[in-house]
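Chemist: This structure is in structure tokens; I'll ask about it shortly.
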Amino acid sequence: MKGILVESDEEAIYPYKVEYECDGENKVMSGFFILLKLDHNYEKVKAHERTLSKPKEDRLKLMRETRANLEPIELLYMDEKDEIMKKIDSALGEPIIDVLGYDGFRHKLWKISDGEIIEFVKDKEILYIADGHHRYQTAINYAEEVGAGEENPENYIMVVLANMFDEGLTILPTHRMIRMDIDINELMEKCKEYFDVERVELERELSPVEIGKRLSEMIKTDKEHKFAVYHRDGTYILTLKDESVMDELAPDRSKAWRTLDVSILHKIVIEKLMGITDKNLEDHVKYTRDTKEAIEVVNGGKFDMSFILNPTKIEEIKEIASAGEHMPQKSTYFLPKLLSGLVMRKFH
Numbered sequence: 016m017k018g019i020l021v022e023s024d025e026e027a028i029y030p031y032k033v034e035y036e037c038d039g040e041n042k043v044m045s046g047f048f049i050l051l052k053l054d055h056n057y058e059k060v061k062a063h064e065r066t067l068s069k070p071k072e073d074r075l076k077l078m079r080e081t082r083a084n085l086e087p088i089e090l091l092y093m094d095e096k097d098e099i100m101k102k103i104d105s106a107l108g109e110p111i112i113d114v115l116g117y118d119g120f121r122h123k124l125w126k127i128s129d130g131e132i133i134e135f136v137k138d139k140e141i142l143y144i145a146d147g148h149h150r151y152q153t154a155i156n157y158a159e160e161v162g163a164g165e166e167n168p169e170n171y172i173m174v175v176l177a178n179m180f181d182e183g184l185t186i187l188p189t190h191r192m193i194r195m196d197i198d199i200n201e202l203m204e205k206c207k208e209y210f211d212v213e214r215v216e217l218e219r220e221l222s223p224v225e226i227g228k229r230l231s232e233m234i235k236t237d238k239e240h241k242f243a244v245y246h247r248d249g250t251y252i253l254t255l256k257d258e259s260v261m262d263e264l265a266p267d268r269s270k271a272w273r274t275l276d277v278s279i280l281h282k283i284v285i286e287k288l289m290g291i292t293d294k295n296l297e298d299h300v301k302y303t304r305d306t307k308e309a310i311e312v313v314n315g316g317k318f319d320m321s322f323i324l325n326p327t328k329i330e331e332i333k334e335i336a337s338a339g340e341h342m343p344q345k346s347t348y349f350l351p352k353l354l355s356g357l358v359m360r361k362f363h
């Protein structure tokens with residue numbers, strides 16, 4: 016069993032690629048492991064998601080006991096010409112690890128200790144957290160708890176940096192499943208004030224997978240704001256008539272936030288028309304990334320209706336984070352997820 020955990024004694028970066036399939040398309044995400052100094056004030060590291068207390072407490076306990084980073088968080092940098100990964104790729108030989116993960120994805124890892132390449136990848140001023148908001152804030156909390164100075168090991172965190180423009184990155188939509196006894200015809204009549212409402216007739220023999228695919232195709236759009244509504248008494252497509260209504264409903268938010276699909280759905284339909292607020296949100300709304308599940312729970316009577324959404328665009332995440340705002344909960348889900356335990360880092 017020797018050689019399972021190998022400790023490195025030299026400065027290096029670890030290029031990392033994940034090969035996976037999504038919606039029938041083969042993709043490869045490229046990035047690299049690196050040690051990053053914590054930005055306590057989020058001036059150069061931008062967050063788009065609000066963190067919750069309970070997950071941070073659990074992660075802080077783990078960090079106290081292990082005094083290590085057991086898995087990376089994922090941050091995105093901007094490199095439209097992809098110069099960094101081209102430079103790294105030119106130096107790659109055989110991977111030191113090539114493994115099929117528990118997720119069914121193929122994970123490959125290399126090691127580069129070339130000082131010129133290490134210096135080349137360091138110069139990125141603004142980074143955006145893709146996945147790992149709670150772990151990043153936990154690392155800050157731990158560094159402050161132990162009184163870590165600027166250059167102390169506790170004031171650094173292990174991350175994977177990936178190019179925001181990498182076509183191998185996938186953002187999945189997060190659909191809303193609603194538990195509320197409501198007359199769908201009345202709700203759709205109310206929706207007509209703000210949306211063009213189209214009733215969709217689905218063939219009875221369609222499976223949940225086929226229904227999910229059909230609705231996802233019907234709402235695909237580059238410019239409009241569209242959602243599908245799946246209810247046991249009818250299926251509808253909602254298309255927003257005028258974005259300016261959000262100026263009234265969320266005047267304290269930026270234009271970028273007001274024009275997010277999830278913001279429009281929550282502010283207009285879920286809050287204003289259905290009366291579900293932050294106080295009772297957890298009682299009525301659950302989330303899934305699987306359109307099949309969103310359809311099945313309605314068919315099986317576990318939920319009354321589901322809203323099928325489009326994925327958030329990477330440009331929208333950048334705008335929200337750059338403005339110092341947070342997106343609504345469950346707005347983004349990045350694929351592929353980074354493999355835990357592939358590279359770990361001890362503080363001392």
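In the working numbering, the protein residues as written are 16 to 363. All C-beta atoms in this analysis are idealised placements derived from N, C-alpha and C, irrespective of residue type, glycine included.
What is the DSSP secondary structure of H299, reduced to helix, strand or coil?
Modeler: Note: H299 maps to helix in three-state DSSP.
Chemist: Beta-carbon within less than 6 Å of P351's beta-carbon, same chain only, minus the 5 sequence neighbours each way: which residues are those?
Modeler: So the qualifying residues of the chain are V33, Y35, M44 and F120.
Chemist: Helix, strand or coil: which one does DSSP assign to M44?
Modeler: It is a strand residue.
Chemist: Using CA coordinates, which residue listed in K307, L51, I252 and G116 is at the minimum distance from Y209?
Modeler: The shortest C-alpha separation from Y209 is found at I252.
Chemist: If distances are taken between C-alpha atoms only, which option among D104, N167 and L90 comes closest to D146?
Modeler: For D146, the nearest C-alpha among the options comes from L90.
Chemist: How is D262 classed by DSSP in three states: helix, strand or coil?
Modeler: DSSP places D262 in helix when its eight states are reduced to three.
Chemist: Taking just the CA atoms, how far does E109 sit from L77?
Modeler: C-alpha separation (whole angstroms): 34 Å.
Chemist: Could you give the first and the last residue of the continuous alpha helix (DSSP H) run that contains N314?
Modeler: Note, N314: alpha helix (DSSP H), T306 to N314.
Chemist: Per DSSP, I88 forms a beta bridge with which residues?
Modeler: Answer is V174.
Chemist: Give me the residue from K139, H148 and T236 with the minimum Cα distance to E98.
Modeler: Among K139, H148 and T236, the Cα nearest to that of E98 belongs to K139.
Chemist: Starting from the C-beta of A271, find all residues in its chain whose C-beta is less than 7 Å away, skip the five residues before and the five after it, and write them out in chain order.
Modeler: E331, E334, I335 and A338.
Chemist: Identify, in the order they occur along the chain, each residue of the same chain with its Cβ nearer than 8 Å to the Cβ of E340, setting aside the five sequence neighbours on each side.
Modeler: Counting only Cβ-Cβ distances below 8 Å, and skipping sequence neighbours, we find H63, R268, S269, A271 and W272.
Chemist: Should K361 and A154 be called a contact, given that it needs their Cβ atoms to be closer than 7 Å?
Modeler: No, the Cβ-Cβ distance between K361 and A154 is not below 7 Å.
Chemist: Between the Cα of I193 and those of H122, D298, S278 and E86, spot the shortest distance and give me the residue it belongs to.
Modeler: Of the listed residues, the one whose Cα sits closest to I193 is D298.
Chemist: Do the CB positions of I310 and Y245 come within less than 7 Å of each other?
Modeler: Yes, the pair counts as a contact, with Cβ atoms nearer than the cut-off.
Chemist: In the stretch 311 to 360, which residue ranges form an unbroken alpha helix (DSSP H) of at least 4 residues, counting only runs that do not cross its ends?
Modeler: Segments of the alpha helix (DSSP H) lying fully in the stretch 311 to 360: 329 to 337.
Chemist: Got a sec? Which residues, its chain only, sit under 7 Å from G206 by beta carbon, not counting five neighbours each side?
Modeler: The sequence shown places Cys at residue 206, not Gly. Taken in chain order, the residues that qualify are V212, L253, V284 and L288.
Chemist: If you follow the beta strand (DSSP E) that R121 is part of, which residue opens it and which one closes it?
Modeler: That run of the beta strand (DSSP E) goes R121 to L124.
Chemist: Counting C-beta neighbours from all protein chains within 10 Å, is the total for N170 16 or more, i.e. buried, or is it exposed?
Modeler: The residue is buried, with at least 16 neighbouring Cβ atoms inside 10 Å.
Chemist: Just confirm the distance between the C-beta atoms of K59 and T185, as a whole number of angstroms; I'd bet it's less than 8 Å.
Modeler: Actually they are not in contact, since the Cβ atoms of K59 and T185 sit about 26 Å apart, beyond 8 Å.
Chemist: For H122 versus L354, is the C-beta spacing smaller than 7 Å?
Modeler: Yes, the Cβ-Cβ distance between H122 and L354 is below 7 Å.
Chemist: Is the beta carbon of A271 within less than 6 Å of some heavy atom of the ligand GDP?
Modeler: Ligands in the displayed structure: none, and consequently the ligand GDP is not present.
Chemist: Buried or exposed for A106, going by 16 or more other Cβ atoms inside 10 Å?
Modeler: Exposed, since its Cβ has fewer than 16 Cβ neighbours within 10 Å.
Chemist: If you run the structure through DSSP and keep just helix, strand and coil, what is F135?
Modeler: Three-state DSSP puts F135 in a helix.
Chemist: Based on the DSSP output, what are the partners of Y245 in its beta bridges?
Modeler: Note: Y245 sits in a beta bridge opposite T250 and S321.
Chemist: Closest to W125 by C-alpha separation, out of K69, I49 and G39, would be which residue?
Modeler: Among K69, I49 and G39, the Cα nearest to that of W125 belongs to I49.
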